[in-house]
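Each residue of the sequence shown is one higher than the one before, starting from 0 at the first, in numbering that gives the first Met the number 0. Every residue gets a Cβ at the ideal spot worked out from N, C-alpha and C, and that includes glycine. Keep in mind it's a predicted model, so treat the numbers as computed, not measured.
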Amino acid sequence: MPVTLDTDWPEILEEVKSLFEGATKHHSWACKIWDGGDLTTIAFSEFTKLISGGMTADKFVNNMKAAATK
């Protein structure tokens with residue numbers, strides 16, 4: 000998404016522009032992933048394995064579920 004007020008929006012995002020501009024609430028930076036303590040470290044490690052082809056999406060989800068219940 001554009002990060003300045005005078006930037007043109009890509010055509011593919013044009014439909015969501017009015018929703019974005021009309022939003023009255025915001026999410027914290029990165030949806031607070033940096034506030035996750037040990038889970039943040041695990042998430043980054045597991046995500047790196049996922050995007051590098053080191054594990055399947057199902058394995059990633061299972062690992063994250065297990066980590067979240069500790």
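Query, Result
"Expressed to the nearest angstrom, what Euclidean distance is found between the alpha-carbon atoms of ASP5 and THR55?", "41 Å"
"Under 8 Å by Cβ, that's how I've got LEU49 and ALA66 pegged, so tell me the actual separation to the nearest angstrom.", "Not quite, the Cβ-Cβ distance comes to about 13 Å (not below 8 Å), so this is no contact."
"What are the boundary residues of the alpha helix (DSSP H) that includes ASP57?", "56-67"
"Taking the alpha-carbon positions, what's the LYS31 to ILE41 distance?", "15 Å"
"Helix or strand or just coil, what does DSSP make of ALA42?", "helix"
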